[in-house]
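Asks: Sharing a structure, written as structure tokens. Questions coming.
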Amino acid sequence: MLSDETIRSLILEQFGSLLNDSEINRLMPLVKRQYETSDKLASFDFGGLSAESTDYITDRRITP
Amino acid sequence: MNELLFKSIHEMGALIKNRKVSPVELTQATLDHIAEIDPVLNAFPVIKTEQALSDARAAEIEISSGYYRGPFHGIPVGFKDNLSVAGWVTSCGSPILADHVTDSDAAVVERLRDAGAVVIGKNNMHEWALAGSCTYSIFGTVHNPWDPSRTSGGSSGGSGAAVSAGQAFLSIGTDARASVRNPASYCGIVGHKPSTGLISRYGELPATSAWYMVVGPLARTVGDAALAMNVLAGHDPRDPNSLRSPAVDYLPSESDTLKGLRVGLPTNYFFDDAVPEVESAVRAAARSFEQLGAEIIDVSLPSLEHMQLIEPSFESENKGWLLNHALHRGQDFLHQDIRFRILAGAFARTIDHERASRLLNKLRWEAQKMFELVDVIITPTNSTAAYKLDEPMAQIKGGEIDVESANGQSRVTTRLTVPFNALGLPAISLPCGFTSEGMPIGLQIAGRHFDDKRVLNVAAAYERNAGPGYRQPPVVHKFNR
Chain A
171 MLSDETIRSL ILEQFGSLLN DSEINRLMPL VKRQYETSDK LASFDFGGLS AESTDYITDR
231 RITP
Chain B
2 MNELLFKSIH EMGALIKNRK VSPVELTQAT LDHIAEIDPV LNAFPVIKTE QALSDARAAE
62 IEISSGYYRG PFHGIPVGFK DNLSVAGWVT SCGSPILADH VTDSDAAVVE RLRDAGAVVI
122 GKNNMHEWAL AGSCTYSIFG TVHNPWDPSR TSGGSSGGSG AAVSAGQAFL SIGTDARASV
182 RNPASYCGIV GHKPSTGLIS RYGELPATSA WYMVVGPLAR TVGDAALAMN VLAGHDPRDP
242 NSLRSPAVDY LPSESDTLKG LRVGLPTNYF FDDAVPEVES AVRAAARSFE QLGAEIIDVS
302 LPSLEHMQLI EPSFESENKG WLLNHALHRG QDFLHQDIRF RILAGAFART IDHERASRLL
362 NKLRWEAQKM FELVDVIITP TNSTAAYKLD EPMAQIKGGE IDVESANGQS RVTTRLTVPF
422 NALGLPAISL PCGFTSEGMP IGLQIAGRHF DDKRVLNVAA AYERNAGPGY RQPPVVHKFN
482 R
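These protein sequences, in sequence, are chains A and B.
Numbering of the first sequence is given in this note's numbering, commencing with residue 171 and proceeding in unit increments.
Numbering of the second sequence is given in this note's numbering, commencing with residue 2 and proceeding in unit increments.
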């Protein structure tokens, strides 16, 4: 789980000075949820390359 | 109030064809009714009086001279404000497009005009169609005709409220997660989300909207929705999502038996949040199907438990093109709730889309296997009836949930409908009862891809034999003269 400090720095890295402090504070919980979703998606074992686990996008670089 | 405004399109079409009702008088009565009732509902913010009356006069001349185009000839209709009408502003409910005049008709507008329909105006919608409500719009909030203190649902909320309240015989909406079926359910009418690729999206704004978005009819009866499908369905080379399909007559059979039909009743996901009144109405509908001769079979789609992981990944793709507005003009040109959802979507990564695609593929396999066992499945359209606009908390089975939060909004308004967008399958919502507070409850029936006719047929049999059918909402009686 990313810390609040890390999330704030990720937002600053992405949007620079386009958002003020209050806007960053409002955005932080939403970005945190986005990363939680990423973590949950990453936790799935999608198996190998059987038809049932393979989608129309198959990128071997991200399929261990 | 003019009772003619509440006839079915089938009935009104016959009256117009036989010259018992004049399209001009009908259009004028519709415009008068809108003028009277819309200050309460805010469903029809754009009305084109002169053009509508001119189109109605043209229809009357054609019919008088023996040229009758079919059941929509002379029938007043509306379109959600993300569907282009030539020479009109198409705003998507957003100040960004407040002056955006489109130069051609959307395919669905063309088809209904060719069928002789009279276009009255544009129906209100949630800004950019980005919620299952109709709260944030350049035109203001839409109110529910069953109780104006409650949401109409959305994002085609203006379409749902207008058709329910007799302001149009039909409105065409769009549905990426719930937006035809949710307002149909909350407003006590019928909304059909067709199979992906069946109805052309040419002329829908924004052109970059989600791949799982479809255009679909909102009507007062299943038969009227089927009549609309007969006009709207068909391949269009201008829409890259449009698929070739065999010509089908969508009008439902008049047989009252469902003998031989296999109806799936889900054992997971769809009843998790449903309040008791909704659950019992849908289970009573299942018993009605059984009485009509259908076999009820328990089914499950285990991967739906991960729908909340699939949906946000694709939603960020849908909203990404608005990122520039969110960053540079966001303060003034986007509702802040939408603006921050768009900004957060920028943190979804390509690998998230890949993984979500794989989860979705798993769900597709499960759905395919399920539809080997059953012909249709039935579910609630929503877990609750329409919530109060001034109370951000909605009651679901497990407790209260904040509908103002992005997560709460989708859980309350789109959770049970979005799977069929992701799967591309046809799904209809029609009334199946009322809560103790008098609010409509929606039944959802979904089927195989391109099996829209069966879905409409099953819905019509239920509507004719067991369902409550369309009822006039209380708000129209306040204007009864």
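For glycine and all other residues, C-beta sits at the position ideal for the given N, C-alpha and C.
In this text the structure is predicted, and so the values were computed from the model without any measurement.
With a CB to CB cut of under 7 Å and the five nearest residues on each side skipped, what residues in its chain are close to residue 437(B)?
Replies: 278, listed in sequence order.
Asks: Which chain A residues sit within Cβ distance under 9 Å of residue 341(B)?
Replies: Going along chain A in sequence order, the residues near residue 341(B) (Cβ under 9 Å) are 193, 196, 197, 200.
Asks: Does residue 172(A) have its Cβ less than 8 Å from a Cβ in chain B?
Replies: Not an interface residue.
Asks: The beta strand (DSSP E) with residue 122(B) in it runs from where to where?
Replies: Counting along the chain, the beta strand (DSSP E) containing residue 122(B) begins and ends at 119–124.
Asks: Please state the DSSP three-state secondary structure of residue 50(B).
Replies: Residue state, collapsed to three classes: helix.
Asks: What residues from chain B crowd round residue 179(A), counting only those whose CB sits closer than 7 Å?
Replies: Within chain B, no residue comes near residue 179(A); the closest Cβ sits about 13 Å away, beyond 7 Å.
Asks: Once the 5 residues before and after residue 298(B) are set aside, which same chain residues still bring their CB inside 8 Å of it?
Replies: Closer than 8 Å at Cβ, skipping near neighbours: 263, 264, 265, 266, 374, 375.
Asks: With a threshold of 7 Å, establish whether the CB of residue 18(B) neighbours any heavy atom of the ligand NAD.
Replies: Summarising the ligand content, the structure contains no ligands, and the ligand NAD is consequently not present.
Asks: Assign residue 175(A) to buried or exposed, taking buried as 16 or more other Cβ atoms, counted over all protein chains shown, within 10 Å of its Cβ.
Replies: When all chains shown are included, residue 175(A) counts as exposed.
Asks: Is any beta-carbon of chain A found at less than 8 Å from that of residue 330(B)?
Replies: By this cut-off, residue 330(B) is not an interface position.
Asks: Measure the alpha-carbon distance for residue 191(B) versus residue 151(B) and round it to whole angstroms.
Replies: Residue 191(B) and residue 151(B): Cα-Cα distance of roughly 19 Å.
Asks: For residue 271(B), which of 339(B), 432(B), 378(B) has the nearest alpha-carbon?
Replies: Checking every option, the nearest Cα to that of residue 271(B) belongs to 378(B).
Asks: To the nearest angstrom, how far is it from the Cα of residue 397(B) to the Cα of residue 54(B)?
Replies: The straight-line gap from Cα to Cα measures roughly 46 Å.
Asks: Using 8 Å as the cut-off, can you tell me whether the segment 357–367 of chain B makes contact with the segment 234–248 of chain B, which would need three or more C-beta pairs spanning the two stretches below that distance?
Replies: At 8 Å Cβ cutoff, the stretches do not touch.
Asks: Can residue 463(B) and residue 289(B) be called in contact, C-beta distance under 8 Å?
Replies: Yes.
Asks: Is residue 106(B) near residue 87(B), with beta carbons less than 8 Å apart?
Replies: Their beta carbons are under 8 Å apart, which means residue 106(B) touches residue 87(B) by this criterion.
Asks: Using 8 Å as the limit for Cβ to Cβ distance, is residue 219(A) near chain B?
Replies: Residue placement at residue 219(A) cannot be trusted, given a pLDDT of 48 that sits under 50; what the coordinates show is reported in the next sentence. Not one chain B Cβ lies under 8 Å of residue 219(A).
Asks: Is the segment 379–394 of chain B touching the segment 174–194 of chain B, taking contact as three or more C-beta pairs under 8 Å?
Replies: A contact exists between the segment 379–394 of chain B and the segment 174–194 of chain B.
Asks: Measuring only between beta-carbons, confirm whether residue 243(A) sits less than 8 Å from chain B.
Replies: This structure cannot speak to residue 243(A), because chain A is shown only from 171 to 234.
Asks: What do you get for residue 248(B), buried or exposed, if any count of 16 or more other CB atoms within 10 angstroms of its CB means buried?
Replies: Exposed, since its Cβ has fewer than 16 Cβ neighbours within 10 Å.
Asks: At 4 residues or longer, and completely inside the segment 372–421 of chain B: list those alpha helix (DSSP H) runs for me, N to C.
Replies: Listed in chain order, the complete alpha helix (DSSP H) runs (minimum 4 residues) inside the segment 372–421 of chain B are 407–414.
Asks: Which value, in whole angstroms, describes the spacing of the CA atoms of residue 89(B) and residue 104(B)?
Replies: Going by the C-alpha atoms only, they are around 8 Å apart.
Asks: Does the segment 136–146 of chain B come close enough to the segment 196–214 of chain A to have 3 or more Cβ pairs within less than 8 Å?
Replies: Touching, no, given that fewer than three Cβ pairs across the two stretches are closer than 8 Å.
Asks: Where do the ends of the alpha helix (DSSP H) carrying residue 159(B) lie?
Replies: Counting along the chain, the alpha helix (DSSP H) containing residue 159(B) begins and ends at 158–165.
Asks: Within a Cβ cutoff of 6 Å, which residues of the same chain sit near residue 295(B), ignoring the five residues on either side of it in sequence?
Replies: Contacts found: 259, 262, 264.
Asks: Which class does residue 300(B) belong to by DSSP, given the choice of helix, strand or coil?
Replies: Strand at residue 300(B).
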